[in-house]
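Enquirer: Numbering (our numbering), first residue to last: 722 to 1066.
From the three backbone atoms N, C-alpha and C, an ideal C-beta is built for every residue, glycine too.
In this text the structure is predicted, and so the values were computed from the model without any measurement.
Quick one: this structure, given as C-alpha cells, is what I'll be asking you about.
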Ligand SMILES: Cc1cc2nc3c(=O)[nH]c(=O)nc-3n(C[C@H](O)[C@H](O)[C@H](O)COP(=O)(O)OP(=O)(O)OC[C@H]3O[C@@H](n4cnc5c(N)ncnc54)[C@H](O)[C@@H]3O)c2cc1C
C-alpha cells in the first residue's frame, strides 16, 4: 500500500496547483483522476477556449493553462494515476494514529493523513443525444462531445447540436475552416451570450452557417464511420437527410457526485461544505477545494480554487507535523525551488 502526504482526488487545475503548494512545503502527493488526461474541465470541455482571468496571464487557452500548471509542478514529487476513479474513502488506524485510505476502480490503495477532494463537478459525463441508441459506437468516427482539435473539422461537413455557449462559440469558430457548418437546435432560441448569437445569425445571413431550427437528431448513419444523418423537423414533422462527416453534441454535462455521496461528508446543494479558514470538510483531514466545495460567497473560478488549496495545504502540513510552525516563504526567495528549476541568479 502506497503512503503519501496528500492524496488528491481530481487532476483539474486546482488538483494540479495543490501539488505545487504541497511541494513548496516539502510534501509529496498522489493525484488520481478518472479522466484519461490531467486538466479537468479545462482539458475535457474547452481546451481551445481562451481564459482571460488568470492573474498576470492576459490570455491563455485552457489547454495552455493546464500545460503551464504541469510545467510548474515538474520540480515536485508526485504520482499521477489516470483513468481510475476513487470509489472508496475510509478511516483507518495505523499504530494508534488516524489515517485515510482510498481505493480506486483499478483496486489500487493509497494511505495518507490528508485527502484533498478537488473533484470539480464530480465525475462528469457529457449528455448523449436523447433518442439515439448507442451514439458512442461512433466516438472518434464522426461523433464527439467536445472539440479537442480544431484541425479535425477542416474541409468537413460538420453538424453542431445544442443551444448554449459552447454550441454558439464553436459554430462561429469552425465556420472559418469547415467545408460546411450546420447548427441544429430544437427551438429558435439560444441560451448563450447575446453577442455570439448575433454573430452566428450574421453568418447565417452570409450563408456561412446553416441554421436548422426547430430540428432534432433522428438517426446517425454509416458503417465504419458517420456519413449521413436524418433530422426531424418539428414544424413539418418530416424526416430530412443530410450528408455529414462530423457531429458534435454539445448538450452539456451530467454532473454526478457519484461515489462522493457515500463518503459521509456534509454536503450543501450537492457540493461539499467547508470552513473558509482551511477548507476542511466535516471530517478532519479531508479537505475540499475548487468547484466541488461550497461556502458563503463561493465562486466557481479557477483562481478561487488556487486560494482555497493554498490555505488547505497549510493545515495538511500541520496534521503531518503537529506542533511545528508551517514554513512560510516567498517563492522569490526559495533557493531550493530555484535550484530545482535551474534558475540562474
Ligand atoms: C466552458 C467553460 C468555460 C470556463 N471558463 C472559465 C474562465 O474563463 N475562468 C475561470 O476561472 N473558470 C472558467 N471555467 C470554470 C473552471 O473550468 C472551473 O472553475 C475549474 O475547472 C475548476 O477546477 P477544479 O480543479 O476544481 O475541477 P475540475 O476542472 O472540474 O476537475 C475535477 C476533476 O476531478 C475528477 N474527478 C471527479 N470525481 C472523481 C473521482 N471520484 N475519482 C477521480 N477523479 C475524479 C474529474 O474527472 C475532473 O477531471 C469555465 C468552465 C467552463 C465549463
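I'd like to confirm something about residue 804: is its beta-carbon nearer than 6 Å to some heavy atom of ligand 1, or not?
Expert: No.
Enquirer: Closer than 7 Å by C-beta to residue 794: which residues in its own chain qualify, once you throw out the five before and the five after it? Chain order, please.
Expert: Excluding positions up to five away in sequence, the list reads 737, 740, 741, 744.
Enquirer: For residue 984, report the span of its beta strand (DSSP E) as first-last.
Expert: Careful: residue 984 lies outside any beta strand (DSSP E) and carries neither H nor E.
Enquirer: Within a Cβ cutoff of 6 Å, which residues of the same chain sit near residue 898, ignoring the five residues on either side of it in sequence?
Expert: So the list reads 875, once near-sequence residues are dropped.
Enquirer: What did DSSP end up calling residue 923 once you bin it into helix, strand or coil?
Expert: In the structure shown, residue 923 sits in a helix (DSSP, three-state: H, G or I).
Enquirer: For residue 870, which of helix, strand or coil comes out of DSSP?
Expert: In the structure shown, residue 870 sits in coil (DSSP, three-state: anything other than H, G, I, E or B).
Enquirer: How about residue 749 and residue 774: are their beta carbons less than 7 Å apart?
Expert: It is not a contact, given that the beta carbons lie outside the stated cut-off.
Enquirer: With DSSP as the reference, please indicate the residues paired to residue 763 in a beta bridge.
Expert: Answer by DSSP bridge pairing: none, since residue 763 is not bridged.
Enquirer: So with Cβ pairs under 7 Å, would you call residue 984 a contact of chain C?
Expert: This model lacks chain C altogether, as it is built from one protein chain only.
Enquirer: Using three-state DSSP, classify residue 824 as helix, strand or coil.
Expert: Residue state, collapsed to three classes: strand.
Enquirer: What I want to know is whether the C-beta of residue 779 ends up closer than 6 Å to one or more non-hydrogen atoms of ligand 1.
Expert: Not so, every heavy atom of ligand 1 lies at least 6 Å from the Cβ.
Enquirer: Is residue 893 near ligand 3, going by C-beta to nearest heavy atom under 6 Å?
Expert: Ligand 3 is not part of the structure shown, which contains ligand 1 as its ligands.
Enquirer: Assign residue 975 to buried or exposed, taking buried as 16 or more other Cβ atoms, counted over all protein chains shown, within 10 Å of its Cβ.
Expert: So residue 975 ends up on the exposed side.
Enquirer: Would you check if there are 3 or more beta carbon pairs closer than 8 Å linking the stretch 857-872 to the stretch 944-952?
Expert: Taking 8 Å as the limit for Cβ pairs, the verdict is that the stretch 944-952 does touch the stretch 857-872.
Enquirer: Once DSSP output is grouped into helix, strand and coil, what is the label at residue 851?
Expert: Coil, per DSSP.
Enquirer: Any contact of the stretch 876-886 with the stretch 909-928, i.e. 3+ C-beta pairs under 8 Å?
Expert: Yes: at least three Cβ pairs fall under 8 Å.
Enquirer: Ligand 1 heavy atoms versus the CB of residue 756: any closer than 6 Å?
Expert: Result yes, Cβ under 6 Å from ligand 1.
Enquirer: Tell me whether residue 1007 is buried or exposed, calling it buried when 16 or more other Cβ atoms sit within 10 Å of its Cβ.
Expert: Its Cβ being crowded by 16 or more others within 10 Å, residue 1007 is buried.
Enquirer: In this structure, does DSSP put residue 797 in helix, strand or coil?
Expert: The answer is coil: DSSP assigns residue 797 none of H, G, I, E or B.
Enquirer: For a test of the three-state rule: what should DSSP assign to residue 1045, helix, strand or coil?
Expert: Note: residue 1045 maps to coil in three-state DSSP.
Enquirer: Is any heavy atom in ligand 1 found nearer than 6 Å to the beta carbon of residue 762?
Expert: The answer is yes for residue 762.
Enquirer: What is the DSSP secondary structure of residue 932, reduced to helix, strand or coil?
Expert: In this structure, residue 932 counts as strand in the three-state DSSP scheme.
Enquirer: What separation, rounded to the nearest whole angstrom, lies between the Cα atoms of residue 856 and residue 849?
Expert: Spanning the two alpha carbons is a distance of roughly 7 Å.
Enquirer: Any chance you could list the alpha helix (DSSP H) runs of at least 4 consecutive residues sitting entirely within the stretch 877-916, in chain order?
Expert: The stretch 877-916 contains these whole alpha helix (DSSP H) runs: 886-895.
Enquirer: What number of angstroms, rounded off, separates the C-alpha of residue 821 from the C-alpha of residue 836?
Expert: Using only the alpha carbons, I get a separation of about 7 Å.
Enquirer: Run through DSSP, which three-state label would residue 831 get?
Expert: Note: residue 831 maps to strand in three-state DSSP.
Enquirer: Return the chain-ordered ranges of every beta strand (DSSP E) run that is complete within the stretch 988-1021 and spans a minimum of 3 residues.
Expert: List check, beta strand (DSSP E) in window: 992-994, 1007-1009.
Enquirer: According to the Cβ coordinates, are residue 808 and residue 980 closer than 7 Å?
Expert: A contact, by the Cβ cut-off of 7 Å.
Enquirer: Could you name the residues of the same chain whose beta carbon sits closer than 7 Å to that of residue 877, not counting the 5 residues immediately before and after it, in chain order?
Expert: Closer than 7 Å at Cβ, skipping near neighbours: 899, 900, 966, 967.
Enquirer: Is residue 870 near ligand 1, with its Cβ less than 6 Å from a heavy atom?
Expert: Residue 870 Cβ: outside cutoff for every heavy atom of ligand 1.
Enquirer: Quick one: give me the first and last residue of the beta strand (DSSP E) that residue 752 is part of.
Expert: Element bounds for residue 752: 750-753.
Enquirer: Mind checking residue 892: buried by the 16 CB within 10 Å criterion, or exposed?
Expert: Flag for residue 892 reads buried.
Enquirer: Using the Cα positions of residue 832 and residue 938, report the straight-line distance between them to the nearest angstrom.
Expert: Their backbone Cα atoms lie some 47 Å apart in a straight line.
Enquirer: Alpha carbon to alpha carbon, what distance is there between residue 734 and residue 816?
Expert: Going from the Cα of residue 816 to the Cα of residue 734 covers about 35 Å.
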